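Heads up: the structure comes next, in structure tokens.
Pasting the structure below:
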């Protein structure tokens, strides 16, 4: 650790100074987490927010700009600023990077294979950054693109955040929207780790490929607005006619 | 095509209205392309820019915010706004997504295998969106992470943009910085298409894996600030102890 007492950002214990607009940004984010405003709802205008929060309109604008860039809010020209919904097309495609070669991005359909409450498997535990005996819902699904099964997903959801799933037999195709509307859990950030692997007999059976074919394995951790790891997902993806797309600007 | 004469954004031929700050943003970007300001150089302050461009300071600020989010500019607190350099750490890692499992991101070293001027191969032509007889430099390299060869790269550079490479025997490890400083070509956006594939005999020899092992193949097109496709790169990546990392927020 550096010994410079002005070096607050590197200090684990010291105070971190934040510009006013960052504080407002975090405050508004927290209000959304607490459902002061719900997905799809319009926020008060900048003038009203500034008055209520006791800051300048410029500061509110800067804070809302940040939340808009982060796609937490969305602006409709001449109407106002809204809490983003995961049904928003942009938002949906943002999290579906598997694309059929030579085709436009398409949202895959889902076939639910099973949904069970289990003791967390060892390979899943690390993703949630916890120890011990947590229980998770395990969801197995196949995804369909271009009229064929192309992804086999194992999805893990901590029981503590998703209690109301007990007894559920069906799930909608677009889970992030479901988490948001039913559990007040908005997926705000995802981390994907992508590897290549050889198809097992199970992959071959579920995806209609040959044992020994090359597949992509994507391990994804999804974090909510307030930074909780709420979902861990292992996707086994056909790669013959499909690719994972990353666009960086 | 829609027939609504107000639907300018969807019209191929109609005028597209842009907010003033977007026009300023594009203008400043163009000035950077033309090297009015070079990588690392400080821009005039907002007041001076506003006066020179005949717009309000607020509009300049909004334009610079956009270019800062896009990492074309970077701000140094209390100093000013600078044209980003590709030596900037953020910027370097942003484009190096192959990570050794369980380790922090590290910039791979490079071993140059060959550099030749060739007729563009068929599988490369489409990436550049052109037809016919273009010539390209083909650069073959191995990349080293964690003290082992982990990536075999084939890099294609159009002769028309990189003429001065003729006769070159050596290349620096960080090519994007080299393109920027030597050719005034700043990589502004990349598109990666990721697939899984089976190691060939060539892969096995170059990467020290076994024929039949699973590898990641990443095909990348890099675009310059003014939207030209300036590089096409095929990377064959070991996946046993490495992964491709994607963080989305």
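Residue numbers (full-length UniProt numbering), protein chains in the order written: chain A, 1 to 249; chain B, 1 to 249. Every residue gets a Cβ at the ideal spot worked out from N, C-alpha and C, and that includes glycine. All figures in this text were calculated on a predicted structure; none of them were measured in a lab.
### Query
Leaving out the 5 sequence neighbours to the left and right, which residues in its chain are closer than 8 Å to residue 132 of chain A when beta-carbon positions are compared?
Walking along the first chain from the start, residue 132 of chain A turns up at place 132. Counting only Cβ-Cβ distances below 8 Å, and skipping sequence neighbours, we find nothing.
### Task
To the nearest angstrom, report how far apart residue 207 of chain B and residue 151 of chain B are at their CA atoms.
In the second chain, the residue the question calls residue 207 of chain B occupies position 207. In the second chain, the residue the question calls residue 151 of chain B occupies position 151. Straight through space, the alpha carbons of residue 151 of chain B and residue 207 of chain B are spaced by roughly 7 Å.
### Message
Using a 10 Å radius around the Cβ and a threshold of 16 neighbouring Cβ atoms, would you call residue 201 of chain A buried or exposed?
### Response
Within the first chain, residue 201 of chain A is the residue found at index 201, counting from 1. Exposed is the call here.
### Query
Going by other Cβ atoms of all chains shown within 10 Å of its Cβ, with 16 needed for buried, is residue 15 of chain B buried or exposed?
On the second chain, residue 15 of chain B is found 15 positions in, with the first residue counted as 1. Summary for residue 15 of chain B: the model assigns pLDDT 37, below 50, so the residue's position carries little reliability; its value from the coordinates is reported in the next sentence. The residue in question, residue 15 of chain B, is exposed, as its Cβ has fewer than 16 Cβ neighbours within 10 Å.
#### Entry: Element boundaries [alpha helix (DSSP H), containing residue 201 of chain A]
Counting from 1 along the first chain, the entry for residue 201 of chain A is found at position 201. For residue 201 of chain A, the enclosing alpha helix (DSSP H) begins and ends at 201 to 207.
### Message
Considering only their Cβ atoms, is the gap separating residue 225 of chain A from residue 33 of chain A smaller than 8 Å?
### Response
If you number the first chain from 1, residue 33 of chain A lands on position 33. If you number the first chain from 1, residue 225 of chain A lands on position 225. For the 8 Å CB-CB criterion, residue 33 of chain A and residue 225 of chain A form a contact.
### Task
Quickly, what does DSSP pair residue 218 of chain A with across the bridge? List them, please.
If you number the first chain from 1, residue 218 of chain A lands on position 218. BP columns for residue 218 of chain A point to A:194 and A:235.
### Task
Indicate whether at least one CB of chain A lies closer than 8 Å to the CB of residue 68 of chain B.
What you label residue 68 of chain B is simply residue 68 of the second chain in a count that begins at 1. Residue-level contact check: residue 68 of chain B does not touch chain A, since none of the beta carbons of chain A fall below 8 Å from its beta carbon.
### Message
Mapping the DSSP letters down to three states, classify residue 95 of chain A as helix, strand or coil.
### Response
Residue numbering aside, residue 95 of chain A sits at position 95 when the first chain is read from its first letter. Shown here, residue 95 of chain A sits in coil according to DSSP, grouped into three states, outside any helix or strand.
### Message
Within a Cβ cutoff of 8 Å, which residues of the same chain sit near residue 240 of chain B, ignoring the five residues on either side of it in sequence?
### Response
By one-based count along the second chain, residue 240 of chain B stands at place 240. Within the same chain, Cβ atoms closer than 8 Å to the Cβ of residue 240 of chain B are found at 209 and 213, the five residues on either side in sequence being excluded.
### Message
Can you check whether the C-beta of residue 216 of chain B is within less than 8 Å of a C-beta belonging to chain A?
### Response
As a first step, residue 216 of chain B must be located in the second chain, where it is residue number 216. Yes, residue 216 of chain B lies at the interface with chain A (some Cβ there is under 8 Å from its Cβ).
### Task
Tell whether a beta-carbon distance below 8 Å holds between residue 217 of chain B and residue 234 of chain B.
For the purposes of this step, residue 217 of chain B is taken as the residue at position 217 of the second chain. For the purposes of this step, residue 234 of chain B is taken as the residue at position 234 of the second chain. Between residue 217 of chain B and residue 234 of chain B, the gap from beta carbon to beta carbon is short of 8 Å.
### Message
Tell me the DSSP secondary structure of residue 46 of chain B in three-state form.
### Response
To locate residue 46 of chain B, count along the second chain from 1; it is residue 46. Secondary structure of residue 46 of chain B (DSSP, three-state): helix.
### Task
Quick one: list the residues of chain A neighbouring residue 198 of chain B, beta-carbon separation under 7 Å, in chain order.
For the purposes of this step, residue 198 of chain B is taken as residue 198 along the second chain, with counting starting at 1. Within chain A, the residues near residue 198 of chain B are 214.
#### Entry: Neighbourhood of residue 129 of chain B by C-beta distance below 8 Å, restricted to the same chain and skipping five residues each side
If you number the second chain from 1, residue 129 of chain B lands on position 129. 229.
### Query
Got a sec? Which residues, its chain only, sit under 6 Å from residue 193 of chain A by beta carbon, not counting five neighbours each side?
To locate residue 193 of chain A, count along the first chain from 1; it is residue 193. Same-chain partners within the cutoff: 219.
### Message
Let's see if you can read the secondary structure: which residues bound the beta strand (DSSP E) around residue 256 of chain A?
### Response
Given that chain A is displayed from residue 1 to residue 249, the structure contains no residue 256 of chain A and the question cannot be resolved.
### Query
Helix, strand or coil: which one does DSSP assign to residue 138 of chain B?
What you label residue 138 of chain B is simply residue 138 of the second chain in a count that begins at 1. Looking at residue 138 of chain B - three-state DSSP - the assignment turns out to be strand.
### Task
Examine the Cβ distances between the region 25 to 45 of chain A and the region 73 to 84 of chain A and report whether three or more of them are shorter than 8 Å.
Yes, the region 25 to 45 of chain A is in contact with the region 73 to 84 of chain A.
### Straight-line Cα distance separating residue 185 of chain B from residue 49 of chain B
The residue you call residue 49 of chain B lines up with position 49 of the second chain. The residue you call residue 185 of chain B lines up with position 185 of the second chain. Residue 49 of chain B and residue 185 of chain B have their C-alpha atoms some 24 Å from each other.
#### Entry: Residue from B:137, B:243 and B:115 whose Cα sits closest to the Cα of residue 125 of chain B
Residue 125 of chain B sits at position 125 when you count from the first residue of the second chain. Of the candidates B:137, B:243 and B:115, the residue whose Cα lies closest to the Cα of residue 125 of chain B is B:137.
### Query
Is there at least one Cβ from chain B nearer than 8 Å to residue 159 of chain A's Cβ?
Taking the first chain and counting its residues from 1, one reaches residue 159 of chain A at position 159. It does not: the Cβ of residue 159 of chain A has no partner Cβ on chain B nearer than 8 Å.
### Query
Do you know offhand how far residue 236 of chain B's Cα is from residue 98 of chain A's?
On the second chain, residue 236 of chain B is found 236 positions in, with the first residue counted as 1. On the first chain, residue 98 of chain A is found 98 positions in, with the first residue counted as 1. Cα-Cα distance, rounded: 19 Å.
#### Entry: 9 Å Cβ cut-off: residues of chain B touching residue 306 of chain A
The first residue shown for chain A is 1 and the last is 249, placing residue 306 of chain A beyond what the model contains.
### Query
At a Cβ cut of 9 Å, what residues of the region 173 to 187 of chain A count as close to chain B, listed as they run along the chain?
Residues: none.
### Task
For residue 154 of chain B, name the three-state secondary structure that DSSP assigns.
Sequence index remark: in the second chain, residue 154 of chain B carries index 154 (1-based). Three-state DSSP puts residue 154 of chain B in a strand.
### Query
Using a Cβ-Cβ distance under 8 Å, would residue 249 of chain A count as near chain B?
Taking the first chain and counting its residues from 1, the one referred to as residue 249 of chain A is at position 249. The beta carbon of residue 249 of chain A falls within 8 Å of a beta carbon belonging to chain B, placing the residue at that interface.
#### Entry: Inter-residue spacing [alpha-carbon to alpha-carbon] between residue 12 of chain B and residue 105 of chain A
Taking the first residue of the second chain as position 1, residue 12 of chain B is located at position 12. Taking the first residue of the first chain as position 1, residue 105 of chain A is located at position 105. The pLDDT assigned to residue 12 of chain B is 33, lower than 50, so where the model puts this residue is not dependable, and the model offers no usable value.
### Query
Alpha carbon to alpha carbon, how far is residue 61 of chain B from residue 164 of chain B?
As a working mapping, residue 61 of chain B is identified with position 61 in the second chain. As a working mapping, residue 164 of chain B is identified with position 164 in the second chain. So the alpha carbons of these two residues sit roughly 38 Å apart.
### Message
What does the alpha-carbon distance come out to for the pair residue 110 of chain A and residue 142 of chain A?
### Response
As a working note, residue 110 of chain A is residue 110 in the first chain. As a working note, residue 142 of chain A is residue 142 in the first chain. If you take the alpha carbons of residue 110 of chain A and residue 142 of chain A, they lie about 6 Å apart.
### Query
Listing by chain order, which chain A residues have their CB less than 9 Å from the CB of residue 189 of chain B?
What you label residue 189 of chain B is simply residue 189 of the second chain in a count that begins at 1. Within 9 Å Cβ-Cβ: 247, 248 and 249.
### 8 Å Cβ cutoff, residue 135 of chain B in contact with chain A
As a working mapping, residue 135 of chain B is identified with position 135 in the second chain. With its beta carbon at least 8 Å from every one in chain A, residue 135 of chain B lies outside the interface.
### Query
Are the Cβ atoms of residue 183 of chain A and residue 161 of chain A separated by less than 8 Å?
Translated into the one-based positions of the first chain, residue 183 of chain A becomes position 183. Translated into the one-based positions of the first chain, residue 161 of chain A becomes position 161. Residue 161 of chain A sits close to residue 183 of chain A, with the two beta carbons spaced by under 8 Å.
### Task
For residue 32 of chain B, decide whether its Cβ has a neighbour in chain A, counting only Cβ atoms nearer than 8 Å.
The residue labelled residue 32 of chain B in the question sits at position 32 within the second chain. Not closer than 8 Å to any Cβ of chain A, the Cβ of residue 32 of chain B fails to qualify, so no.
### Query
Can you give the Cα-Cα distance for residue 238 of chain A and residue 215 of chain A, rounded to whole angstroms?
As a working note, residue 238 of chain A is residue 238 in the first chain. As a working note, residue 215 of chain A is residue 215 in the first chain. Residue 238 of chain A and residue 215 of chain A: Cα-Cα distance of roughly 5 Å.
### Task
Report all residues from its chain with a CB closer than 7 Å to the CB of residue 243 of chain B; omit the five preceding and five following residues, and keep chain order.
For the purposes of this step, residue 243 of chain B is identified with residue 243 of the second chain, where counting begins at 1. Hits under 7 Å: 99 and 101.
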